[in-house]
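Single-structure report; data block below.
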Amino acid sequence: MNYKESLDFLFSQLPMFSRVGAAAYKPGLDTSIALDNHFGNPHRRYRTIHVGGTNGKGSTSHTIAAVLQAQGYRVGLYTSPHLVDFRERMRVNGRMIPEADVVDFVERWLRTPYDGHPSFFELTMMMAFDWFAREEVDYAVIEVGMGGRLDSTNIITPIGSVITNISPDHTQFLGDTLEKIAAEKAGIIKEGVPVVIGRASGGVRRVFESKAAATGSEATFAADTPLLSSIEFMPEGYIEASTPELGRFRYPLGGLYQQENLNTVLHAVSMLRRAGVEISTEALREGLEGVVRLTGLAGRWMVMGEHPFVVADTGHNLDGLTRNMEQLREVLGRRGPESRLRMVVGFVNDKDVAHIAHLLPEEAEYYVTRASVPRAMPAEDVAAILEGLGRRCRVFPEGVKEAADAALSDSGADDMVYIGGSTFIVADWLASAPGSLPSVSRP
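Counting in this note's numbering, the sequence shown runs without a single skipped number right up to 1010 at its last residue.
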C-alpha cells in the first residue's frame, strides 16, 4: 500500500465529518477506549493538555504547543480539520507525520484482528496517539474534535484542560442553548485536573463552576484577569502587545479574536507552571512570537497580499464571523473611501446561513462559490440567501479558485478581498496557491 492508497482508505472507508457532516458523526467513547486498549494505551506514555471550546481551539492549541516546544520539550500536536494536507492533523515539533508513518499505521490497522468499526476521526486520533508515543514526545496538546463529553479525544487524562469559549455551533449535536453546549464542552474537565476557561458568563459560567466543583478541579476564568497590559492590531496582520512579564512582543496572528485567545494562553501557561512544567520567560516569548514558524498554523486572519489587501480566515460561525466582519470594517476604514470590498464566500449545508448572513457587509460585492467537499452548500443556494438580504452576488459554481481569481482580477491596489465563510473555502484557496502554507522551523 502506498500513501495515496492509505488516504483513499481513510477517506472512503471511514466517513469524515468535515467532508460529509452528520452521516460521519459518532458520539461516545466505547470505540475509542477499545481502540486505545488494542494499541496499548499510547497516550499514557506522555503528558497531555486538552483544549476544547467553540472558537479559538486551533490557535490556542498551536500557541501552547509552540511555547512548550520553545522550552525545548518534544511536543505532539493533534488538531482538526486539516486545510490542505491530511498530515497537518498531527505534528511533532511542527513536523507533520511522514507519509511512511501514515502508511505503516494503516497497514497495521488492516492486519489487526480488531473487529470494531471506528470512524475516520477515531482512527486518525489513534494514529496520532500511537505516533506520538513512537516519537517519545514529552507533551501532546490535544484539540477536541466536537463537543467534549462524548468526543473521541476524551479518553485522555491531561495535566491541564483549556476551554476557550462557548457560542452556537453544531447545535444539532450539542444542544440548542449555550448552557447545553457548555455542558458538553465541560465534559473534558477531569477529576482534580485544573482547567482554564477563556470566556464564560451567566448560565454558561454556572455550568463550568458546577462541573469544576463536582470534580474538585481548580477553575480559572481567564476573562476575570486580563494579563495583557496593551494590545494593538497592526494593519499588516499581526498584534503588538505587552505583559508585565514579557514587555512588548509581536504575535503573528492578527485577528481581533486573538486578544481573547492570547489571554487564555497566558493563563494556561500559568496553569502549567503551577503543575510543575518548566516554562521560562524566554520560551514564552519565543513561543508566542514564533507560533506560525514553529507549528505551521495557517488560515487565521492570514494576510496574503497588500495591494490589494487579501485576507483569508476560517471563522465560520456566528461568533467568529462577527469578529471578522468587525475587523474587516476597521481595515477598510483605514484604506480610505475609495477602497472596495470583495468577499469570496461559501458555506456548508448544515450551517444556518440565513441566520449568519446578515453579518456580511451590505456594501461588499460577493463572489459566491462552493468548496470541494460533499458537505458544501451549492453556490446558487448561498447566493439566493444573500440576494434575499440585498447583497450583490456573482456565482462561481466551478470552485474557489475561479471565484478568487475573479475577485482579484476585479480589484484595484487599494481594494480588499476576503476569503472565508467556511474552513473548506480557505482550504481550497490555499490548495490552489502553491507555497501558501507556512514553512516550519525548529527553535
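By construction, the Cβ of each residue, glycine as well, lies at the ideal position given by its N, Cα and C atoms. Predicted, not measured: the structure shown is a model, and the values here were computed from it.
Residue i lies in the beta strand (DSSP E); which residues open and close that run?
{"i": "T679", "result": "That residue, T679, is in no beta strand (DSSP E); it is neither H nor E in DSSP."}
{"i": "V870", "result": "M869 to E873"}
{"i": "I709", "result": "Y706 to E710"}
{"i": "V877", "result": "F876 to A879"}
For residue i, which three-state DSSP category applies?
{"i": "S976", "result": "helix"}
{"i": "V1007", "result": "coil"}
{"i": "S1044", "result": "Because the chain here runs from 568 to 1010, residue 1044 falls outside it and cannot be looked at."}
{"i": "Y570", "result": "helix"}
{"i": "V935", "result": "strand"}
{"i": "G854", "result": "helix"}
{"i": "A750", "result": "helix"}
{"i": "F914", "result": "coil"}
{"i": "A958", "result": "Here residue 958 turns out to be Arg, not Ala, going by the sequence shown. R958: coil per DSSP, three-state reduction."}
{"i": "M944", "result": "coil"}
{"i": "R612", "result": "helix"}
{"i": "T724", "result": "coil"}
{"i": "I992", "result": "helix"}
{"i": "V651", "result": "coil"}
{"i": "D668", "result": "helix"}
{"i": "I756", "result": "coil"}
{"i": "E803", "result": "coil"}
{"i": "T792", "result": "coil"}
{"i": "L745", "result": "helix"}
{"i": "R675", "result": "helix"}
{"i": "R716", "result": "coil"}
{"i": "A971", "result": "helix"}
{"i": "L839", "result": "helix"}
{"i": "L927", "result": "coil"}
{"i": "L864", "result": "coil"}
Going by the DSSP bridge assignment, what does residue i pair with across the sheet?
{"i": "S797", "result": "S809"}
{"i": "S999", "result": "The partner list for S999 (beta bridge, DSSP) is empty, contrary to what the question assumes."}
{"i": "I730", "result": "G619 and I764"}
{"i": "G822", "result": "In the DSSP output, where bridge partners are listed per residue, G822 has none listed."}
{"i": "T787", "result": "V763"}
{"i": "R909", "result": "E932 and V984"}
{"i": "Y645", "result": "M657 and I709"}
{"i": "G814", "result": "T810"}
{"i": "M663", "result": "R658"}
{"i": "F963", "result": "T936"}
In or out: residue i buried (at least 16 other Cβ within 10 Å) or exposed?
{"i": "F606", "result": "buried"}
{"i": "K571", "result": "exposed"}
{"i": "P761", "result": "buried"}
{"i": "F578", "result": "exposed"}
{"i": "S768", "result": "exposed"}
{"i": "D886", "result": "buried"}
{"i": "P648", "result": "buried"}
{"i": "P685", "result": "buried"}
{"i": "A971", "result": "buried"}
{"i": "M568", "result": "exposed"}
{"i": "L677", "result": "exposed"}
{"i": "E853", "result": "buried"}
{"i": "H610", "result": "buried"}
{"i": "E929", "result": "exposed"}
{"i": "P725", "result": "buried"}
{"i": "P819", "result": "buried"}
{"i": "G821", "result": "buried"}
{"i": "T621", "result": "buried"}
{"i": "T990", "result": "buried"}
{"i": "M801", "result": "exposed"}
{"i": "S626", "result": "buried"}
{"i": "H883", "result": "buried"}
{"i": "P680", "result": "exposed"}
{"i": "H874", "result": "exposed"}
{"i": "R901", "result": "exposed"}
{"i": "R716", "result": "buried"}
Please determine whether the Cβ atom of residue i lies at a distance below 7 Å from any heavy atom of the ligand HEM.
{"i": "D652", "result": "Absence of the ligand HEM from the depicted structure is noted, as is the absence of any ligand whatsoever, leaving it without description."}
Provide the residue span of the alpha helix (DSSP H) that contains residue i, from first to last.
{"i": "G887", "result": "L885 to R902"}
{"i": "V771", "result": "G769 to T782"}
{"i": "F687", "result": "F687 to R701"}
{"i": "V920", "result": "V920 to I923"}
{"i": "V634", "result": "K624 to A637"}
{"i": "H605", "result": "D597 to H605"}
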